[in-house]
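Mapping of the sequence shown onto UniProt numbering: position 258 corresponds to residue 258, and the numbering continues sequentially without gaps. Every residue gets a Cβ at the ideal spot worked out from N, C-alpha and C, and that includes glycine.
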Amino acid sequence: MSERRARPNGKGRGRSAWLRSLAAAATPPTPERRPAPEAEPAPPEAEPASIVQAALYQDGVRVSSPATLAETFRELRLQRSGMAWIGLARPTEAELLSLAAEFDLHPLAVEDAMEAHQRPKLERYGETLFVVLRAARYLDAPEEVDFGELHVFVGPDFVITVRHGAAPDLSAVRNRMEASPDLLKLGPEAVLYAILDAVVDGYLPVVTGVQNDIDEIETEVFRGEPEVSRRIYELSREMVEFQRATRPLVGMLHGLMAGFSKYGTDEELQRYLRDVADHVTHTSERVDGFRQALTEILTVNATLVTQQQNAEMRALAEAGFEQNEEIKKISSWAAILFAPTLVGTIYGMNFEHMPELGWSFGYPFAIGLMGVVCVSLYVIFKRRDWL
Numbered sequence: 001m002s003e004r005r006a007r008p009n010g011k012g013r014g015r016s017a018w019l020r021s022l023a024a025a026a027t028p029p030t031p032e033r034r035p036a037p038e039a040e041p042a043p044p045e046a047e048p049a050s051i052v053q054a055a056l057y058q059d060g061v062r063v064s065s066p067a068t069l070a071e072t073f074r075e076l077r078l079q080r081s082g083m084a085w086i087g088l089a090r091p092t093e094a095e096l097l098s099l100a101a102e103f104d105l106h107p108l109a110v111e112d113a114m115e116a117h118q119r120p121k122l123e124r125y126g127e128t129l130f131v132v133l134r135a136a137r138y139l140d141a142p143e144e145v146d147f148g149e150l151h152v153f154v155g156p157d158f159v160i161t162v163r164h165g166a167a168p169d170l171s172a173v174r175n176r177m178e179a180s181p182d183l184l185k186l187g188p189e190a191v192l193y194a195i196l197d198a199v200v201d202g203y204l205p206v207v208t209g210v211q212n213d214i215d216e217i218e219t220e221v222f223r224g225e226p227e228v229s230r231r232i233y234e235l236s237r238e239m240v241e242f243q244r245a246t247r248p249l250v251g252m253l254h255g256l257m258a259g260f261s262k263y264g265t266d267e268e269l270q271r272y273l274r275d276v277a278d279h280v281t282h283t284s285e286r287v288d289g290f291r292q293a294l295t296e297i298l299t300v301n302a303t304l305v306t307q308q309q310n311a312e313m314r315a316l317a318e319a320g321f322e323q324n325e326e327i328k329k330i331s332s333w334a335a336i337l338f339a340p341t342l343v344g345t346i347y348g349m350n351f352e353h354m355p356e357l358g359w360s361f362g363y364p365f366a367i368g369l370m371g372v373v374c375v376s377l378y379v380i381f382k383r384r385d386w387l
């Protein structure tokens, strides 16, 4: 490793100076959490199963495509100039340690790349920049946003990408850069720009998909769909994650723009980076708007649900009141009819000694009694609005 670091390379020194200057504008690293173990290189015979693609470039042109990390290290040591671009997906600890030993990566940055689940950030470790990005893609079938994590190590003559998750697909970035050798020959900073551009461009389909989801949710809210509350909550959680991906990236890109401008990076590359910064700022504003809109929709939905529940309770109360009115009417007529039934039942009993049976006015008296009781009960119930 020391032999490759010591080789004379004017172009590499230029990139080193740029990275040292840019690192001065970057956010300082977080304090060390614990003493880092000394990294040991993996044995050359251990084939890295997670390597996606590795290539060596000179003057923007691919000159070699090593199949393994060991071959990449060996060929890079033999070159007098050039740049290595290594892409990994979910690498093992041994693979990252071998890269750390070869390219002198800081143990804290390597630890972050191993553990993943990092917030977007830009840190400097000597001549190496460590960049964490959150990529996103919209899944049409489940109507969900899937997030991936990308870690980028940018050194004087190398770029290492460590991908956790399906997004982003960097093969298109590599193809685009190889088709533009004038841009690729600008070195690792040009590759960093291309990666940032790809991640930010990947946000556009997500924004479009989320906008469609919000439009559908608004329709479902006023239609009274029962599952809309759950959908609002799930999309709100995704927008929180989206905010965590885009908001820190705005500050990171403005810091890179300041470094590019201050230390004389190629003007065309500066313009490209400004365009990326504009896009991510616009995206971040859209995401903030989405979250606010979902909050308002959730409030409206809660109001509509409350109104619907109140209407249902009112309907139940009215139905109960009508039922009570019917019961009162039925009870009133039952009481009115009970009086003559009672009198008739008493005098219908087959007893020999009943005083009224021998009375000449017994029958008219019984009929009159029935009428008086029935009329009295009717008047009472009528006054109480039971009839």
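1) Note down the Cα distance separating I195 from G165, rounded to an integer number of angstroms.
2) What is the residue span of the alpha helix (DSSP H) that H151 lies within?
3) Rounded to whole angstroms, what's the CA-CA distance from A366 to V343? Just pull it up for me.
4) Looking only at its own chain, which residues have a Cβ that is under 6 Å from the Cβ of R291, when we skip the five neighbours before and after it?
5) To the nearest angstrom, how far is the alpha carbon of M257 from that of L105?
6) Once DSSP output is grouped into helix, strand and coil, what is the label at R384?
7) E123 lies in the beta strand (DSSP E); which residues open and close that run?
8) Do R163 and A89 have their C-beta atoms within less than 8 Å of each other?
9) Would you list the residues sitting across from Q53 in a DSSP beta bridge?
10) What do you get for I217, buried or exposed, if any count of 16 or more other CB atoms within 10 angstroms of its CB means buried?
11) Do you know whose CA, among V287, P205, T92 and V221, lies nearest L139's CA?
12) Determine the burial state of E32: buried for a count of at least 16 other Cβ atoms within 10 Å of its Cβ, exposed for fewer.
13) Mind checking E123: buried by the 16 CB within 10 Å criterion, or exposed?
14) By how many angstroms is the C-alpha of D213 removed from the C-alpha of A42?
15) I need the boundaries of the beta strand (DSSP E) containing H117, first residue and last residue.
16) Among residues of its own chain, excluding the 5 on either side of G202, which ones have a beta-carbon nearer than 8 Å to its beta-carbon?
17) Between L256 and chain C, is there a C-beta pair that is closer than 8 Å?
18) Between the alpha carbons of F153 and G255, how many angstroms are there, rounded?
19) If contacts are defined as beta-carbon pairs under 8 Å, then L55 and R62 qualify, I think. What distance do you get, rounded to the angstrom?
20) From E93, A293 and T265, pick the residue whose C-alpha is nearest to that of P107; which is it?
21) Could you tell me whether the stretch 368 to 380 touches the stretch 331 to 340, where touching means 3 or more Cβ pairs closer than 8 Å?
22) Taking T92 as part of the alpha helix (DSSP H), name the residues at either end of that continuous run.
23) Measure the C-alpha to C-alpha separation of W386 and G289 and round it to an integer number of angstroms.
24) Using 10 angstroms around the beta-carbon of R384, count the other beta-carbons present and answer buried if the total reaches 16, otherwise exposed.
25) Tell me whether the stretch 147 to 161 and the stretch 123 to 132 touch, counting them as touching only if at least three CB pairs, one residue from each stretch, are closer than 8 Å.
26) Assign F222 to buried or exposed, taking buried as 16 or more other Cβ atoms, counted over all protein chains shown, within 10 Å of its Cβ.
27) Based on the DSSP secondary-structure assignment, which residues constitute the bridge partners of L139?
28) Tell me whether R163 sits in a helix, a strand or coil according to DSSP, three-state version.
29) Would you identify the three-state DSSP class for Q79, choosing helix, strand or coil?
30) Drop a sphere of 10 angstroms on the beta-carbon of L235, count the other beta-carbons inside from all chains shown, and report buried for 16 or more, exposed for fewer.
31) Identify which residue in D59, A67 and Q58 has its Cα closest to the Cα of I51.
32) Helix, strand or coil, according to DSSP, for S180 in the structure here?
33) Can you tell me where the beta strand (DSSP E) with S360 in it begins and where it stops?
34) With a 10 Å radius around its C-beta and 16 neighbouring C-beta atoms as the bar for buried, classify residue 396 as buried or exposed.
35) Can you tell me whether DSSP reads T295 as helix, strand or coil?
36) Can you give me the C-alpha to C-alpha distance between Y193 and E227, rounded to a whole angstrom?
Considering the structure as presented:
1) I195 and G165: Cα-Cα distance of roughly 16 Å.
2) Not the alpha helix (DSSP H): H151 falls in the beta strand (DSSP E), residues E144 to V154.
3) 7 Å
4) M239
5) 24 Å
6) coil
7) Looking at the DSSP string, the run of the beta strand (DSSP E) that includes E123 is K121 to Y125.
8) yes
9) G87
10) buried
11) Considering only alpha carbons, the answer is P205.
12) Note on E32: pLDDT 41, under 50, position unreliable in the model; no value is reported.
13) Answer is buried; the Cβ neighbour count reaches 16.
14) Residue confidence for A42 is low, a pLDDT of 45 falling below 50, so the modelled location carries little weight; the figure read from the coordinates is stated next. Each residue's alpha carbon lies about 48 Å from the other.
15) Looking at the DSSP string, H117 is not in any beta strand (DSSP E), and its letter there is neither H nor E.
16) A135, A136, R137, A167 and P168
17) Included in the structure is just one protein chain, with no chain C present.
18) 17 Å
19) With the sequence shown as reference, residue 55 is identified as Ala, and Leu is not the correct amino acid for it. Rounded, the Cβ-Cβ distance is 5 Å, consistent with contact.
20) E93
21) yes
22) Premise fails: T92 is in no alpha helix (DSSP H) and is neither H nor E.
23) 59 Å
24) exposed
25) yes
26) exposed
27) E144
28) strand
29) coil
30) buried
31) A67
32) coil
33) First-last for S360: undefined, no H or E at that position.
34) This structure leaves residue 396 out entirely; the chain is present only between 1 and 387.
35) Helix.
36) 42 Å
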